[in-house]
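Before any comments, here is the structure.
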Amino acid sequence: MKLLLHICCGVCLGAPLKQLRNSGVDVIGFFYNPNIHPFLEFQKRLRALRIAQEAERLELVCHEDYGLYEFLKAVRPDDVNRCEQCYLLRLRAAALAAKAQGCDAFATTLLISPHQKHERVRSVGEQVGAETGVRFDYHDWRPLFHESHEQAKKRSLYRQQYCGCIFSEYERFRGADPRR
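Counted from 1, the sequence shown has number 68 at position 49 by this note's numbering; the numbering is strictly sequential.
Have a look at this one:
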């Protein structure tokens, strides 16, 4: 099977990629994360991904443009469900890239994080899969979270302190997210 793997960051790539490859899956990486802000944070995460990509010898489709306006346009109309809108923006792009690359399915490393809204990621992935005709390959990779982080430490990858968006940065450093 040929799978396009949406990669949220280099840290979350390690263990899912290993598991997929061990299962015989041909993986193409896909980096599209207009949610990551500010610009310097985006650059740090992109550099970390490039280090992981080289170490893993991973084919990568990479959107290196800083998507501030695109992200804000997508999430601003719906503050309550902004995470879902963000997932929709990124996973729709992943599904379309999977189709363009001739992949059988797509997945996302977002599913490794215990900090993400796991069931929302899954439902958005399935919705986008149905809309685009590209199967969403669901994995609960949360048990691999610490393994992936340990692998990132060994590679000296930059490890971020928040999901990436300016809202989560604010919530992370000022206190608890009131929506959780």
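Glycine residues also receive a C-beta, built at the ideal position from the N, C-alpha and C atoms. Just so you know, these numbers come straight off a predicted model, no measurement behind them.
Comparing alpha-carbon positions, the option among Cys31, Tyr88 and Lys21 lying closest to aspartate 159 turns out to be Cys31. Taking glycine 86 as reference, the option from Arg161, Lys172, Leu79 and Ala112 with the minimal CA-CA separation is Ala112. Burial is judged here by how many other beta carbons sit within 10 angstroms of a residue's own beta carbon; glutamate 75 has at least 16 and is buried.
DSSP places valine 80 in the strand class (E or B) of the three-state scheme. Where lysine 118 is concerned, there is no enclosing beta strand (DSSP E), although the alpha helix (DSSP H) around it starts and stops at 101-119. Within a 10 Å sphere around the beta-carbon of alanine 34 sit 16 or more other beta-carbons, which makes this residue buried. Note that the region 139-151 does not touch the region 168-179; fewer than 3 beta-carbon pairs, one per stretch, sit closer than 8 Å.
Scanning Tyr88, Glu89 and Thr127 for the CA closest to the CA of glycine 29 turns up Thr127.
With fewer than 16 other beta carbons inside 10 angstroms of its own, valine 99 counts as exposed. In the structure shown, the three-state DSSP call for valine 147 is helix. With distances taken between CA atoms, proline 133 lies nearest to Arg161 out of Asp123, Arg161 and Gly43. If you ignore the 5 residues before and after alanine 71, its C-beta comes within less than 6 Å of the C-beta of Gly29 and Leu32, all in its own chain and listed in chain order. Only residues of its own chain outside the window of five on either side were considered, and among them Leu32, Gly48, Phe49, Phe50, Leu68 and Thr128 have a CB closer than 7 Å to the CB of isoleucine 26, listed in chain order.
The three-state secondary structure of leucine 22, taken from DSSP, is strand.
For alanine 171, the closest of Arg66, Tyr157 and Gln104 by C-alpha to C-alpha distance is Arg66. No Cβ-Cβ contact shorter than 9 Å links asparagine 54 with arginine 139.
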